[in-house]
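Peer 1: Residue numbers (the working numbering): 772 to 1058.
Quick reminder that beta carbons are idealized off the backbone N, C-alpha and C, glycines included.
Every value quoted in this text rests on a predicted model; they were computed, and no experiment measured them.
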Amino acid sequence: MKPFSRLTLGIVAALTFSNTLLFTAAQAAEPQEDRAREMARSAAVEAAKSGGKNDTVVLEEPARSYFEWGAIVRPDGEILSVRPGTVAADMGVEAGDHLTHINGTSVERESLQSILQKFDDLEHGRTFNITIERDDKSMTLESIVRATVVPGWRLEVDSTFEETAHAIQNASACGRVSIFLQPPVTRDYYPAFINTINGEDTRIKNPVIKLGVGEHIIGLHEKIGDPRATRSPSLRTEKLLRLVVEPNKKYHLAAHFIADKRYDRVNAGYWEPIVWKVTEHSCDPND
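1. Tell me whether the beta-carbon of isoleucine 989 lies closer than 8 angstroms to the beta-carbon of arginine 947.
2. DSSP has arginine 925 in a bridge; who is on the other side?
3. Quick check on lysine 1021: buried or exposed, where buried means 16 or more other Cβ atoms within 10 Å of its Cβ?
4. Starting from serine 914, trace the beta strand (DSSP E) both ways and give me its first and last residue.
5. Within 10 angstroms of its Cβ, does valine 844 collect 16 or more other Cβ (buried), or is it exposed?
6. Do isoleucine 915 and lysine 889 have their beta-carbon atoms positioned less than 8 angstroms apart in this structure?
7. Between the alpha carbons of glycine 896 and alanine 918, how many angstroms are there, rounded?
8. Is the region 1024 to 1038 in contact with the region 950 to 966, if contact means three or more CB pairs nearer than 8 angstroms?
9. Short check: CB of leucine 883 to CB of proline 855, under 8 angstroms?
10. By Cβ distance below 6 angstroms, which residues in the same chain neighbour aspartate 1035 in space, the five residues on each side in sequence not counted?
11. Hey, which unbroken runs of the alpha helix (DSSP H) at 4 residues or more fall wholly within the region 834 to 868?
12. On the CB-based measure, 16 or more other CB atoms within 10 Å of its CB, does glutamate 839 come out buried or exposed?
13. Hey, how far is the Cα of aspartate 959 from the Cα of leucine 1014?
14. Could you give the first and the last residue of the continuous beta strand (DSSP E) run that contains serine 949?
15. Less than 7 angstroms between C-beta atoms, sequence neighbours within five positions excluded: which residues of the same chain meet that for isoleucine 903?
16. Assuming lysine 1010 and leucine 991 form a contact by the criterion Cβ under 8 angstroms, report the distance between their Cβ atoms to the nearest whole angstrom.
17. Tell me which same chain residues have a C-beta within less than 6 angstroms of the C-beta of alanine 944, skipping the five on either side of it?
18. From serine 885 to methionine 862, what does the alpha carbon distance come to, in whole angstroms?
19. Check whether the Cβ atoms of arginine 925 and glutamate 831 lie closer than 8 angstroms to each other.
20. Relative to the C-alpha of serine 836, which residue among Ile995, Glu894, Thr935 is closest?
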């Protein structure tokens, strides 16, 4: 993969919608990730509606990488500064050096843009060398390209989302069940879809359902993406979750992949339906 780079500036991957969300997997705690996902999905839905789209919206960016050499270069090739801990510093490049060649190709009469492009063309893991002049002496320095990979991402949102009410007749209070948020796969929690509620077929696209308070039996099908959970489609069986809905609560549902039982496919012992998160959310049964 060719690096997408600048020599001196690091790049932070970002998803930008109607507002800007900046977060990385290493920096964000799970509540922040959940909030970021919810904001991103909501922003995508609003963007789709404002553009007159009524179906599924797909936003994506391919994986890319960048190589930060670590030296600031003037158009004439003079090295103005070198940042500690970078490839340039490890090579022994110093401020005041004059860059003359990259991989044997002269850059003395090249524009700064052309010099940057030559670094852009270097591939991760490959050996490269530069030639510099220092104190009227020429020397060749060698190192390995260390590119930073920015993973690709894909966000698919159903812009037709509307809340659905079920088993709410004559209810004095209500709560919700939801499969809207992406559960944390770091805990082996994966998406699921609601198949039945209290034995009634409820196969709908909308991921949030309003329910009257009290006990409900939720039938779920798993959508586990772990490659260890290989199974025939015929083995994707419904599992029941007994849930007591309290007023003004939202219950986020998921499929828990049980890695130790990944071979128990006949009885679907490799997963169980769970409530992975409960949040406060006002609910009016008359709305």
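Peer 2: Considering the structure as presented:
1. no
2. Glu831
3. Lysine 1021 is buried by the Cβ-count criterion.
4. That run of the beta strand (DSSP E) goes 908 to 915.
5. Classification for valine 844: buried.
6. no
7. Taking the straight line joining both Cα atoms gives about 8 angstroms.
8. Taking a cut-off of 8 angstroms for Cβ pairs, the region 1024 to 1038 and the region 950 to 966 touch, as three or more such pairs fall below it.
9. No, the pair does not count as a contact, with Cβ atoms beyond the cut-off.
10. Tyr1041
11. 858 to 862
12. buried
13. For aspartate 959 and leucine 1014, the distance between alpha carbons rounds to 21 angstroms.
14. Serine 949 -> beta strand (DSSP E) spans 945 to 949.
15. Its chain contains Val864, Asp868, His869, Leu870, Thr871, Met910, Leu912 as the residues whose beta carbon lies nearer than 7 angstroms to that of isoleucine 903, once the 5 sequence neighbours on both sides are disregarded; these appear in chain order.
16. Right, their Cβ atoms sit about 6 angstroms apart.
17. Val984, Pro1018
18. 22 angstroms
19. yes
20. Glu894
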